[in-house]
Structure formats: structure tokens, C-alpha cells
Amino acid sequence: MNNKNQHLTQDKFTDYALPAPLQAGINELGYEFCTPIQAKSLPVILNNQNIIGQASTGTGKTATFLIAVINRLLTQTSHSKDATKLRALILAPTRELAIQINEEANALIRHCKLSTTLIYGGANYEKQQKSLRQGCDILIGTVGRVIDFYKQGLVNLKTVETLVLDEADRMLDMGFIKDVRYILHKLPRPENRLNLLFSATINFKVKEFAYELMNDPEIISAEQEAGDVNIEQRAYSVANSEKIPLLVSLLRSPDLSRAIVFANMKVTAEKITAFLQANDVSAQLISGDVPQKKRQKLVKDFGEGKFLALVATDVAARGLHIDAVSHVFNYDLPQDPEDYVHRIGRTGRIGSTGHAISFICESYAFYLPDIEDFVGYKIPMESVSSHMLAEIKPRAARKRTRNSTHQKQKKSSRHKHQRRKAKSQRSVQE
2 MNNKNQHLTQ
12 DKFTDYALPA
22 PLQAGINELG
32 YEFCTPIQAK
42 SLPVILNNQN
52 IIGQASTGTG
62 KTATFLIAVI
72 NRLLTQTSHS
82 KDATKLRALI
92 LAPTRELAIQ
102 INEEANALIR
112 HCKLSTTLIY
122 GGANYEKQQK
132 SLRQGCDILI
142 GTVGRVIDFY
152 KQGLVNLKTV
162 ETLVLDEADR
172 MLDMGFIKDV
182 RYILHKLPRP
192 ENRLNLLFSA
202 TINFKVKEFA
212 YELMNDPEII
222 SAEQEAGDVN
232 IEQRAYSVAN
242 SEKIPLLVSL
252 LRSPDLSRAI
262 VFANMKVTAE
272 KITAFLQAND
282 VSAQLISGDV
292 PQKKRQKLVK
302 DFGEGKFLAL
312 VATDVAARGL
322 HIDAVSHVFN
332 YDLPQDPEDY
342 VHRIGRTGRI
352 GSTGHAISFI
362 CESYAFYLPD
372 IEDFVGYKIP
382 MESVSSHMLA
392 EIKPRAARKR
402 TRNSTHQKQK
412 KSSRHKHQRR
422 KAKSQRSVQE
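Heads up: the sequence shown runs through residues 2 to 431, numbered per my numbering.
Written out as C-alpha cells, the structure reads:
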């Protein structure tokens, strides 16, 4: 049995009475055995039961709810005679996640007479309007853009038979709860639709929101304890001044193929990227300031192995789905333990072993006990020896910023001189 099969169950997709066109799409994607979340969730959902599913990105959760949605559309008669009406709504917290869901949905419905429409901010507005006017069975989008088009009368939410909320914990963290509630109030009543909520973590906020969303949901978890998942976690006790040399050294390791480096602040992420590039480590920064097209290209290039390290903050990395990430570095420990779970969940996905490495420095060490309590696992701590620290070249000077600062200083000095001169002239006149 290969490494990949160790992360699958003995349940096969052919064990379920799925329509032939859907089964054909599943086969073409190479799916044969179910992942744990699929094996636990599909029997419940196919029985038209609402669920709260705890599953991280990379566990097969997207295929879980898409297969359930498509099966429902193919096997249940629509209540409307309008062939263009919307029957399923899938909400995602970020553009990237919505795009990824849409790609997998289109692969699964390839042999089905169904259509999807994808809507999200930062893309061609008129093109999305045109697509909505043509009608679709499944609408996949971000919360804000769905509301926008609803208010224009281009989205009829009263016909929705199935609702999916993906990465619900992220939606709440990003402050979307009021907007999601707005959408919920425009949908049919909870008992008149199937409701599926997926979240990497299920805390009190998520549960409270889920019970507002649906009636009598079944909670299904395929998550293991942090110490049992296929991620090797370790931490280094390190001084702030040693973090860059240690990171450069570790990124040069021959067993590292692709890495995401997390920082708590954008300015830190910028500094890390500059140092890595100056020390011949191919790295790129992804931040909220990066335009959408460039952001998508960065993610594509990273996924294709065109550079080694992607440096990001939690906000900038939300919704990214990148396979074959061998290492995740917590350059800064996150304040929120849930962010730790989200970060390390980007490695060690189905069929691979991942490595999560955290730097425990004087600035963020006090977050460690809460993280370990949350994950129920004592992260092994290692000390740093001098031979582990790379010789570091200085990062490139930020010329624009320095020039800009210099010009501001010259301008300020000139204004002060002019004010002193004017004051002197007034004194003489008096």
C-alpha cells in the first residue's frame, strides 16, 4: 500500500448509488477510495441530512459537498419549471477558494447537464453579469459579490434548494457574519433546503452560527489530534536576530521542495522576502496589496515550482489551495491557536508527509502554551546551534522609500528655512 492509500478508507465511490454521469466525472478525476471526511459525510448528506463537517483544506471536503450537491440536483425534481433557475448556492470566504471550488465542480459535472457560475470581486463585472443572466444550476461565489448581484435582481435566492458554506470559521474571522445572515434571510426556510457547513475548526462561534443556519445538523469530524496527523511538527527556540539566518539555512535543506513562510505582520513578511531574495533563495511575497491577476499568477507559479518559498500573512494566504507544500514555517507564532491549525494544514495533505516548523522567539513565545493546549499536543522543541545559522547578505536597499524620505526631509528643511526667514522679515518690519 502506498503512502497515499494510507490516508484513504476502504469505502469506494462506487459503493454509493450515484448517477452514472456524476460517477463518470469522479472516475476521470481519479477518485476511487473515499477520504475519511467523505466516508463519514456522504452517507449522511445523501440521506438529506444537514451537517457540520470539521475538515481542513486538502482532506477532500470540496469533493464531498460537490458530489452531494450534484447528486441532489440530478436525482431530485426541481420545484420550478424554470430551467435557468438557481438551485444550489456555495459560499466561500475568498476569491481563490471560490475559483478552486468552481474548477473542481466543472470537472465533476463534465458529463452532467448542469451548469455553474462563478462570481467574486476583482474580476470582470460585465462578464459575470452576462453569465448570471444566462442562468445556472450552481452559483459559487464570495459573500459580497453574491449580495451585490442579488440587489441588482440578477440572483434569485428564493429558489435555492441546497446551501453550502465552506471555511465557515474563516468567514466569521473575516467579519462576514452580517452579510451571510443577510443572504440567509433571502433563502427559503432552513427546513426547505439542505444545509452543509464545513470548517477547519469547530468552536463555540461556529456551532452557534451553524444552529442559526440549519435545523438539527449532525456534527461530523474527520480531524485527528495534531500529534496524529501526517505532519511532523517541531519548534526552535531562537533569538529574534537568529530567525533570518535559521530560516535561510532550513530553506536550503535538500528535502524541502516547496515552503510557505508565515509572518504576523506585512512589514515582517516584506523583510523576510527581501532577505531571502538577497541570499539566493527564490521567494515571493503575497499580500493584500497584490492585484488579483498578479496574485493568481503568483499562486500558479508557486504551484508549478517556479520559486521555492511563498511568504505571507494569515490574511493574505486565506483561501489558497496549493498542493505538494512540503514545509510550513511559522516565522512568527500566531496569536490565535486556530490560525496555527490553518497554517500547518497547508502541508501534509492526502498522500504526503508534511513538516511544520515554528520559531519560538522572545516576541511571540507566550503564544505557545495556548497553541499546545488547543491542539492537544506538546510540540517538540529543539535548540539552535551556530552551524545551523547561515551567513547572511544584507537585503537590498529600498531605494524608492529612501529617496522619498530624503525628498521629504529636504522639503521639510526648506519649509523651516522659509518660515524662519519670514519671521525674521516680520521682526524687522515691526
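Where a beta carbon is used, it is the ideal one built from N, C-alpha and C, also for glycine.
When the alpha-carbon of Asn28 is set against those of Phe205, Glu105 and Phe367, the nearest one is in Glu105. In this structure, the CA atom of Leu334 is about 27 angstroms from the CA atom of Gln293.
Using a Cβ distance threshold of 8 angstroms, Ser288 and Thr269 do not count as a contacting pair. The DSSP-derived three-state label of Val326 is coil. Counted as a single uninterrupted DSSP element, the stretch harbouring Ala264 is not any alpha helix (DSSP H), since DSSP gives it neither H nor E.
Around the beta carbon of Asp324, fewer than 16 other beta carbons lie within 10 angstroms, which makes this residue exposed. The beta-bridge partner set that DSSP reports for Thr163 consists of Ala89 and Leu195.
Contact fails between the segment 62-74 and the segment 232-240, because fewer than three Cβ pairs, one in each stretch, are under 8 angstroms apart.
The C-beta of Met266 has fewer than 16 other C-beta atoms within 10 Å across all chains shown, which makes the residue exposed.
Judged by DSSP in its simplified three-state form, Asn331 adopts strand. Residue range Lys62 to Thr76 is occupied by the alpha helix (DSSP H) that includes Phe66.
For Ala313, the three-state secondary structure derived from DSSP is strand. The criterion of a C-beta distance shorter than 8 angstroms is not satisfied by Val262 and Leu247. One thing to note: Thr95 has its Cβ no nearer than 8 angstroms to the Cβ of Gly61. In this structure, the beta-carbon distance from Asp167 to Leu92 falls below 8 angstroms. Rounded to the nearest angstrom, the gap between the Cα atoms of Tyr332 and Asp16 is 45 angstroms. The segment 145-160 and the segment 174-189 touch, with three or more beta-carbon pairs separated by less than 8 angstroms. In terms of CA proximity to Ile100, Gly142 leads the group Gly142, Tyr126 and Val165. Taking C-beta atoms as the reference points, Ala201 and Lys41 fail to come closer than 8 angstroms. Approximately 5 angstroms separates the beta-carbon atoms of Leu173 and Lys206; this is inside 8 angstroms, confirming the contact. Closest in alpha carbon position to Ser242, among Tyr212, Gln153, Asn280 and Phe360, is Phe360.
A distance below 6 angstroms between beta-carbons, with the five flanking residues on each side excluded, links Pro20 to the following residues of its chain, in chain order: Leu75.
DSSP places Ser359 in the uninterrupted beta strand (DSSP E) bounded by Gly355 to Ile361. Bounds of the alpha helix (DSSP H) holding Arg96 are Arg96 to Leu109. Going by beta carbons, Ala310 and Leu252 fall inside the 8 angstroms limit. DSSP places Gly304 in no beta strand (DSSP E) but in the uninterrupted alpha helix (DSSP H) bounded by Gln293 to Gly304. It is roughly 6 angstroms from the alpha-carbon of Ile139 to the alpha-carbon of Thr118. Its Cα nearest to that of Val181, the residue Leu90 stands out among Ile203, Lys128, Leu109 and Leu90. In terms of Cα proximity to Ala260, the closest of Leu214, Arg296, Ile68 and Thr348 is Thr348. The residue from Gly31, Leu30, Ile52 and Ala25 with its alpha-carbon nearest to that of Ile38 is Ile52. For Met172, the enclosing alpha helix (DSSP H) begins and ends at Ala169 to Asp174. In the three-state reduction of the DSSP assignment, Glu209 falls in the helix class, which pools H, G and I. Leaving aside the five residues that flank Phe276 on each side, the residues in its chain whose CB is nearer than 6 angstroms to its CB run, in chain order, Ile245 and Arg396.
Linking Met389 to Asn280 through their CA atoms gives a straight-line distance of about 15 angstroms. Counting of Cβ neighbours within 10 angstroms places Thr78 among the exposed residues, the total staying below 16. By the beta-carbon neighbour count (other beta carbons within 10 angstroms, threshold 16), Arg88 is buried.
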